[in-house]
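Engineer:
Protein chains: 2
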Amino acid sequence: MKIIPSTQSTQKLISRLKLKHKTIGFVPTMGALHEGHLSLVRKSRKENNITVVSIFVNPKQFGPKEDLALYPREEKKDKYLLQKEKVDLLFYPSADEMYPKGYKTYVEVSDFGRGLCGPIRPGHFKGVTTIVAKLLNIVTPDRLYLGQKDAQQAIMIDKMIRDLNFPVKTIVCPTVRENDGLATSSRNVYLNEQHRSEAVILFKALTQAKHEIKSGLQNPQTVIKNMKSLIEQCSSGIIHYIECVNAENLIPLKELRGKILIALSVSFGKTKLIDNIIFNN
Amino acid sequence: MKIIPSTQSTQKLISRLKLKHKTIGFVPTMGALHEGHLSLVRKSRKENNITVVSIFVNPKQFGPKEDLALYPREEKKDKYLLQKEKVDLLFYPSADEMYPKGYKTYVEVSDFGRGLCGPIRPGHFKGVTTIVAKLLNIVTPDRLYLGQKDAQQAIMIDKMIRDLNFPVKTIVCPTVRENDGLATSSRNVYLNEQHRSEAVILFKALTQAKHEIKSGLQNPQTVIKNMKSLIEQCSSGIIHYIECVNAENLIPLKELRGKILIALSVSFGKTKLIDNIIFNN
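Chains as they are written, first to last, in this note's numbering: chain A, 16 to 296; chain B, 16 to 296.
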């Protein structure tokens with residue numbers, strides 16, 4: 016596995032590979048890798064000649080009240096895991112490499128940040144779309160692999176890609192879960208034992224909601240109310256939001272029809288978790 | 016010359032050409048082509064295997080008070096001129112092709128629109144950077160050719176390209192002028208005889224300013240005042256702005272040193288003209 020910190024060297028290398036007709040799969044990450052990330056890597060390895068992973072803890076997607084410094088960093092372990100998965104190239108830039116002095120340009124998808132995590136993370140998604148636009152121009156992949164765990168992020172990035180005509184196909188992969196249903200996340204390490212066992216309620220609430228809708232429940236507000244009750248009865252979690260939205264444009268649903276995204280954010284102690292489920296009805 | 020209205024067909028064709036190791040030069044235009052555009056085409060033809068021109072009158076770069084419908088459209092003549100210059104591919108999309116229903120994504124370079132044409136054309140540059148980002152993803156050129164006539168636009172696009180890591184080199188070409196010094200522009204056709212002969216004062220004022228600075232004049236405000244006097248004495252033009260700024264970041268200069276951009280906008284009747292000069296001091 017080659018490890019390159021420079022944007023220009025990465026662009027040169029990948030441009031040479033493309034002239035040799037190699038297809039490029041790309042998995043952007045912020046490190047602290049877990050099975051969710053590795054499932055994307057494995058999918059990319061299956062579908063492309065070359066798999067590129069980036070690790071960059073993007074300062075611009077941390078809100079004013081979010082602690083960039085506390086985000087888990089596990090450089091050695093991450094490199095070991097990617098090596099083991101036979102990743103071809105790890106792009107590992109510094110913040111100065113990505114945002115040199117006088118940096119000014121931002122990419123924004125309007126309206127897609129109105130609901131869900133948008134209001135509680137001001138500036139977050141603008142930071143996400145901007146860094147992904149940069150990474151796509153550096154790596155110029157044929158296929159981009161994203162996890163469904165961050166559904167709003169994946170849907171927004173795919174919208175940006177289609178709107179701005181980036182020549183890349185977005186592939187959203189299923190959320191990887193622990194045996195008890197908890198979605199794998201870099202933040203799970205911060206949960207204490209009690210919170211870890213309570214956190215399983217998120218997936219249970221999502222599964223209950225899907226079951227209710229499939230059984231004929233038609234009112235999104237009732238679905239949300241039932242989820243709220245379940246989470247509050249069975250855990251000490253603080254609910255930030257539970258929403259039923261259209262999985263293509265993230266607009267809240269009045270009728271539970273079409274491609275439905277049910278997403279939630281709940282804090283256990285200081286650790287904010289998100290999870291979601293997507294299905295057709 | 017191939018004429019293609021579809022983004023996907025253009026992307027496919029160019030991706031095939033790049034696999035054959037062809038280099039791509041790109042000249043984005045809004046049509047109504049004149050010698051300025053053609054000089055960019057000729058430069059691209061010299062430096063690349065394939066030259067792509069786009070014609071798209073971008074609705075998103077017209078301000079609320081600017082008349083998109085009145086922008087000159089000369090499809091037949093434009094095609095004839097590009098054919099004659101042996102352009103390989105003309106990308107000629109519709110507004111629906113570029114901005115399908117539900118379009119949401121914008122690219123913006125902060126601060127670079129604060130001065131010059133920014134305040135008098137709200138939203139204009141956001142429209143420009145957004146369409147150019149789209150066109151770069153569709154055409155994926157090695158070199159992008161822009162005219163110095165639209166200096167603020169060229170400097171802002173180059174900033175966007177560097178900030179977002181687009182793998183393309185920006186080449187800014189000198190302003191092409193009529194025999195009497197007037198910069199060629201699609202808008203010149205709207206000038207009546209009197210205004211046409213008065214409009215030469217713009218280039219005279221710019222030349223005078225450069226001469227004064229090179230002769231030792233050190234105060235930007237005096238330079239601007241002298242230009243203003245000259246234009247007001249010799250013409251009926253209404254001055255929108257005259258500014259001396261740093262040609263790299265567009266910040267107004269306190270000292271006339273470094274790479275200087277002197278730019279102005281003056282209306283003759285209903286026709287707003289711009290011109291500029293760039294030099295080192």
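A virtual CB, placed ideally from N, CA and C, is assigned to each residue, including glycine.
So A:Leu-179 contacts chain B; which residues on that side make the cut at Cβ distance below 7 Å?
Structural biologist: Simply Thr-120, Ala-148, Lys-149 and Asn-152.
Engineer: Taking 9 Å as the CB-CB cut-off, is A:Gln-223 touching chain B?
Structural biologist: Closer than 9 Å: no.
Engineer: Could you give the uninterrupted runs of the beta strand (DSSP E) lying entirely in the segment 174 to 227 of chain B, keeping only those of 3 residues or more?
Structural biologist: As far as the segment 174 to 227 of chain B is concerned, its whole beta strand (DSSP E) runs of at least 3 residues are 184 to 188.
Engineer: What's the gap between the Cα of B:Gln-223 and the Cα of B:Lys-229?
Structural biologist: Cα to Cα, B:Gln-223 sits roughly 10 Å from B:Lys-229.
Engineer: Is it buried or exposed for A:Ser-280, if we count other Cβ within 10 angstroms and need 16 for buried?
Structural biologist: So A:Ser-280 counts as buried.
Engineer: Can a CB atom of chain A be found closer than 9 Å to the CB of B:Gly-273?
Structural biologist: So, not an interface residue.
Engineer: Measure how close the beta-carbons of B:Leu-55 and B:Val-72 come, nearest whole angstrom, since I'm counting them as under 8 Å.
Structural biologist: About 18 Å; that fails the 8 Å criterion.
Engineer: Which runs of the alpha helix (DSSP H) spanning at least 4 residues fall entirely within the segment 140 to 178 of chain A, listed in chain order?
Structural biologist: As far as the segment 140 to 178 of chain A is concerned, its whole alpha helix (DSSP H) runs of at least 4 residues are 166 to 178.
Engineer: For chain A, find out if any of its Cβ atoms is closer than 9 Å to the Cβ of B:Asp-165; answer yes or no.
Structural biologist: So, not an interface residue.
Engineer: Please report the straight-line C-alpha distance between A:Tyr-205 and A:Thr-286, rounded to a whole angstrom.
Structural biologist: Cα to Cα, the separation comes out at about 7 Å.
Engineer: Could you run through the segment 102 to 135 of chain A and flag, in chain order, every residue whose CB is less than 8 Å away from some CB of chain B?
Structural biologist: Of all residues in the segment 102 to 135 of chain A, Gly-117, Tyr-118, Lys-119, Thr-120, Tyr-121, Val-122, Glu-123, Val-124, Ser-125, Asp-126 and Phe-127 have a Cβ within less than 8 Å of some Cβ in chain B.
Engineer: If contact is defined by three or more beta carbon pairs under 8 Å, each pair taking one atom from either stretch, is the segment 126 to 138 of chain A in contact with the segment 248 to 258 of chain A?
Structural biologist: In short, these stretches touch, since the Cβ pair count reaches three.
Engineer: Using DSSP's beta-bridge definition, name the partner residues of A:Gly-40.
Structural biologist: DSSP, once it has assigned bridges, lists A:Thr-66 and A:Arg-158 as partnering A:Gly-40.
Engineer: For chain A, find out if any of its Cβ atoms is closer than 9 Å to the Cβ of B:Ser-30; answer yes or no.
Structural biologist: It does; some Cβ of chain A falls within 9 Å.
Engineer: Between A:Lys-225 and A:Asp-126, what straight-line distance do the alpha-carbon atoms span, to the nearest angstrom?
Structural biologist: C-alpha separation (whole angstroms): 26 Å.
Engineer: Are at least three pairs of beta-carbons, each pair with one atom in the segment 86 to 93 of chain B and one in the segment 134 to 153 of chain B, less than 8 Å apart?
Structural biologist: Verdict: no, contact absent.
Engineer: Can the beta-carbon of A:Ser-30 be found less than 9 Å from the beta-carbon of A:Thr-185?
Structural biologist: Not in contact: A:Ser-30 and A:Thr-185 (Cβ atoms no closer than 9 Å).
Engineer: Leaving out five residues before and five after B:Ala-198 in sequence, what residues of the same chain have Cβ atoms less than 6 Å from its Cβ?
Structural biologist: Closer than 6 Å at the Cβ level, and outside the excluded window around B:Ala-198, lie Lys-164, Thr-190, Arg-192 and Asp-290.
Engineer: Could you tell me which of B:Ile-277, B:Ile-266 and B:Lys-33 sits nearest to B:Asp-157, measuring between CA atoms?
Structural biologist: Ranking the options by Cα distance to B:Asp-157, first place goes to B:Lys-33.
Engineer: Short of 8 Å in beta carbon distance, which residues of its chain neighbour B:Leu-97, apart from the five on each side in sequence? Order them along the chain.
Structural biologist: Within the same chain, B:Leu-97 has close Cβ partners Met-16, Leu-48, Val-56, Val-68 and Leu-105.
Engineer: How about A:His-139: is its C-beta nearer than 9 Å to some C-beta of chain B?
Structural biologist: Judged by the 9 Å Cβ criterion, A:His-139 is not in contact with chain B.
Engineer: Out of A:Asn-261, A:Ser-282, A:Ala-278 and A:Leu-265, which one is the CA nearest neighbour of A:Arg-3?
Structural biologist: This structure gives no information on residue 3 of chain A, because the portion of chain A shown stretches from 16 to 296.
Engineer: Is there a Cβ of chain A sitting closer than 9 Å to that of B:Lys-33, yes or no?
Structural biologist: It does; some Cβ of chain A falls within 9 Å.
Engineer: Output yes if chain B places a C-beta closer than 9 Å to the C-beta of A:Asn-194; else output no.
Structural biologist: By this cut-off, A:Asn-194 is not an interface position.
Engineer: Counting only Cβ-Cβ distances shorter than 9 Å, please list the residues of the segment 34 to 61 of chain A near chain B, keeping chain order.
Structural biologist: Those residues of the segment 34 to 61 of chain A that come within reach of chain B (Cβ to Cβ, closer than 9 Å) are Leu-34 and His-36.
Engineer: Identify, in the order they occur along the chain, each residue of the same chain with its Cβ nearer than 6 Å to the Cβ of B:Ile-216, setting aside the five sequence neighbours on each side.
Structural biologist: Counting only Cβ-Cβ distances below 6 Å, and skipping sequence neighbours, we find Ile-246, Cys-249 and Ser-250.
Engineer: Thinking C-beta only, is B:Tyr-118 closer than 9 Å to A:Asp-178?
Structural biologist: Yes; because the gap between Cβ atoms is below 9 Å, this pair is in contact.
Engineer: Could you tell me which chain A residues have their CB closer than 9 Å to the CB of B:Asn-207, listed as they occur along the chain?
Structural biologist: Within chain A, no residue comes near B:Asn-207; the closest Cβ sits about 40 Å away, beyond 9 Å.
Engineer: For the alpha helix (DSSP H) that B:Cys-249 lies in, which residues bound it at each end?
Structural biologist: Start and end: 235 to 249.
Engineer: Go through its chain and collect everything with a Cβ distance to B:Val-183's Cβ below 7 Å, but skip five positions before and after it.
Structural biologist: Cβ within range, chain order: Leu-151, Pro-156, Asp-157, Arg-158, Leu-159 and Ile-176.
Engineer: Establish whether the CB of A:Gln-76 and some CB of chain B are separated by less than 9 Å.
Structural biologist: Answer no: the Cβ-Cβ gap between A:Gln-76 and chain B never drops below 9 Å.
Engineer: At which residues does the alpha helix (DSSP H) containing B:Pro-112 begin and terminate?
Structural biologist: Note that residue 112 of chain B is Glu in the sequence shown here, rather than Pro. 110 to 113 is the extent of the alpha helix (DSSP H) around B:Glu-112.
Engineer: Would you call B:Lys-297 buried or exposed, if buried means 16 or more other Cβ atoms sit within 10 Å of its Cβ?
Structural biologist: With chain B represented from 16 up to 296, any question about residue 297 of chain B goes unanswered, as that position is not in the structure.
Engineer: Does B:Gln-233 have its Cβ less than 9 Å from a Cβ in chain A?
Structural biologist: Taking Cβ atoms only, chain A never reaches closer than 9 Å to B:Gln-233, which makes this a no.
Engineer: Counting contacts by CB-CB distance shorter than 9 Å, is A:Thr-22 in contact with chain C?
Structural biologist: Protein chains A and B are contained in the structure displayed, whereas chain C is not.
Engineer: From B:Tyr-114 to B:Lys-141, what does the alpha carbon distance come to, in whole angstroms?
Structural biologist: Cα-Cα distance, rounded: 14 Å.
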